[in-house]
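Novice: I'd like to ask you about the structure that follows.
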Amino acid sequence: MSKELVAKPDLQFTQDLIDAGGGDLKKCYQCATCSVACRIAPDNNPFPRKEMIWAQWGLKDRLMNDPDVWLCHQCNDCSTQCPRGAYPGDVLKAVRKMVIQENSWPSFLGKLVGTPAMFVVAIAIPIVVVLAIVFANKGFTFPQPVKYGMFIDYMYIQVVFTLALLFAVVSMILSLKKYWANLESNNPLGIAGARKGFIPSLIEALGEILPHTTFKDCQANNIRYAAHLMVFWGMLGLLITTAIVAFNIDILHIAPPSQNGPGTIPIKILGNVSAIAFVLGLAIMLVRRLTVPEQAGGSSYFDWFFLFIICGTGATGVLTELLRYSGSPAGAYIFYTIHLMFVLSLFIYLPFSKFAHLGYRTIAITWSKAAGRNVTLPVQPKFVPAPADVSAGEEAAS
1 MSKELVAKPD LQFTQDLIDA GGGDLKKCYQ CATCSVACRI APDNNPFPRK
51 EMIWAQWGLK DRLMNDPDVW LCHQCNDCST QCPRGAYPGD VLKAVRKMVI
101 QENSWPSFLG KLVGTPAMFV VAIAIPIVVV LAIVFANKGF TFPQPVKYGM
151 FIDYMYIQVV FTLALLFAVV SMILSLKKYW ANLESNNPLG IAGARKGFIP
201 SLIEALGEIL PHTTFKDCQA NNIRYAAHLM VFWGMLGLLI TTAIVAFNID
251 ILHIAPPSQN GPGTIPIKIL GNVSAIAFVL GLAIMLVRRL TVPEQAGGSS
301 YFDWFFLFII CGTGATGVLT ELLRYSGSPA GAYIFYTIHL MFVLSLFIYL
351 PFSKFAHLGY RTIAITWSKA AGRNVTLPVQ PKFVPAPADV SAGEEAAS
């Protein structure tokens, strides 16, 4: 006899999902077109139909411990094919936001980042810290020629930003550890056969994530795959560039590339190419989000907060480099200060903003690999009916 299931609906959770971006959730009438349209949904117990059911019923525990919400890359195949305009992709995105908040440590920072009314407080924290660093040096005096190390001693930046990054890493590890434990103890999916180890599963997951293999299989929004890939590898390249420069300064005592000869050209090339890819990918994302929201998906405050931080980081970083050669010390130092504010925001809020999706997606895919729930391309129908006219259908029903 199968185990009895007692449903415990949480209606407030359903409302929270709607407020978080799943505003059309209640339009869904469970036709399963979304699961049919999705190219990457596993044949066994596919998504997102079951997630739409759980969301409408307010089954919070099911959704908070469902790895499938992270297998979705929101290509919006399902949303464009939905005959009712329920936008399952947006609902899953809202679920992912709530998973991040549910597992965040410390939890109050998860609520701070996800609450529109707290935006001013959220951005005030890095602003105050960076201004304190500036005035702990020489304040807003603008030495010439432009050398950022003369404006703010690198030691201040290294200490404060290293501590911020360490906090983000520790917080992310603790949050992901909690999420993994929840997947293990509460996940409704049965696990048959021998489990794979964590490390082999993680390696397999990274082999899928780094080249965006599964993301590439989403067909309705291929340009999003290219843009995301540019942002991902651009940011990784910038991180590597920063690490190399810091290593050269602190360990090898080599001056930064801007003050040294052609021997450091490879570092500058890596940094500039990465910056171009990063900014170009962000520009594509922003343009599509603003011009074709029906394809790019709906935008919630959680999305815009993340885009504000990441776009601000990219734009001010490029301006900081360009203004260094422009002969405008005031502009260069001011934008350098603003850039530091954005970078500090990125570090502090990494485990609590949409940026955390990189960690949660990695853990969810790793868990799925360990459990034997691999995503393989199922057989797709040659024809998926175009979305019906909702208003016409409602008139016919009445």
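For reference, each letter of the sequence shown is one residue, going 1 to 398 in UniProt numbering. Virtual Cβ for every residue (Gly too), placed ideally from N, Cα, C.
#1: Going by DSSP in three states, residue 43 sits in which element: helix, strand or coil?
#2: Would you grab the beta carbon distance between residue 95 and residue 69 for me? Rounded to a whole angstrom, and I think it's under 8 Å.
#3: Report the residue from 22, 123, 117 and 46 whose alpha carbon sits nearest the alpha carbon of residue 90.
#4: Once DSSP output is grouped into helix, strand and coil, what is the label at residue 56?
#5: Taking 8 Å as the cut-off, does the region 344–354 touch the region 111–131 (at least 3 CB pairs, one atom from each stretch)?
#6: Going along the chain, which residues of its own chain have a beta-carbon closer than 6 Å to the beta-carbon of residue 63, five neighbours each way excluded?
#7: What are the uninterrupted segments assigned as alpha helix (DSSP H) that are 4 or more residues long and contained completely in the region 92–164, given in chain order?
#8: Excluding the 5 residues flanking residue 386 on each side, which residues of the same chain have their C-beta closer than 7 Å to its C-beta?
#9: Rank 315, 305, 322 and 361 by C-alpha distance to the C-alpha of residue 122 and give the top, closest one.
#10: Taking 8 Å as the threshold (C-beta atoms), are residue 161 and residue 278 in contact?
#11: Thinking just about the alpha-carbon of each residue, which of 312, 224 and 332 is nearest to the one in residue 292?
#12: Where does residue 136 land, buried or exposed, given buried means 16+ other C-beta within 10 angstroms?
#13: Is the Cβ-Cβ distance between residue 180 and residue 367 less than 8 Å?
#14: Leaving out five residues before and five after residue 171 in sequence, what residues of the same chain have Cβ atoms less than 7 Å from its Cβ?
#15: Anyone know if the C-beta pair for residue 40 and residue 59 falls short of 8 Å?
#16: Grouping DSSP H, G and I as helix and E and B as strand, with all else coil, what is residue 370?
#17: Have a look at residue 146 and residue 364 and give me their C-alpha separation to the nearest angstrom.
#18: Could you tell me the distance, in whole angstroms, from the CA atom of residue 127 to the CA atom of residue 134?
#19: Taking 8 Å as the cut-off, decide whether the C-beta atoms of residue 84 and residue 28 are in contact.
#20: Using the Cβ count rule (16 or more neighbours within 10 Å means buried), how would you classify residue 155?
#21: So, at 7 Å on beta carbons, what are the nonlocal neighbours of residue 323 in its own chain, with the 5 sequence-adjacent residues on each side left out?
#22: Taking the alpha-carbon of residue 226 as reference, which of 282, 196 and 197 has the nearest alpha-carbon?
Specialist: In brief:
#1: Coil.
#2: 5 Å
#3: 22
#4: When DSSP states are grouped into helix, strand and coil, residue 56 belongs to the helix group.
#5: yes
#6: Cβ neighbours of residue 63 beyond the five flanking positions: 54 and 95.
#7: 107–114, 119–136 and 148–151
#8: Any reading at residue 386 needs caution, since the residue's pLDDT is 43, under 50, leaving its predicted position unreliable; the model's value is listed next. Cβ neighbours of residue 386 beyond the five flanking positions: none.
#9: 305
#10: no
#11: 224
#12: exposed
#13: In this structure, residue 180 sits near residue 367, with a CB-CB distance shorter than 8 Å.
#14: 105 and 351
#15: no
#16: helix
#17: In a straight line, the C-alpha of residue 146 is about 46 Å away from that of residue 364.
#18: Each residue's Cα considered, the two are about 11 Å apart.
#19: yes
#20: exposed
#21: 331, 332 and 335
#22: 282
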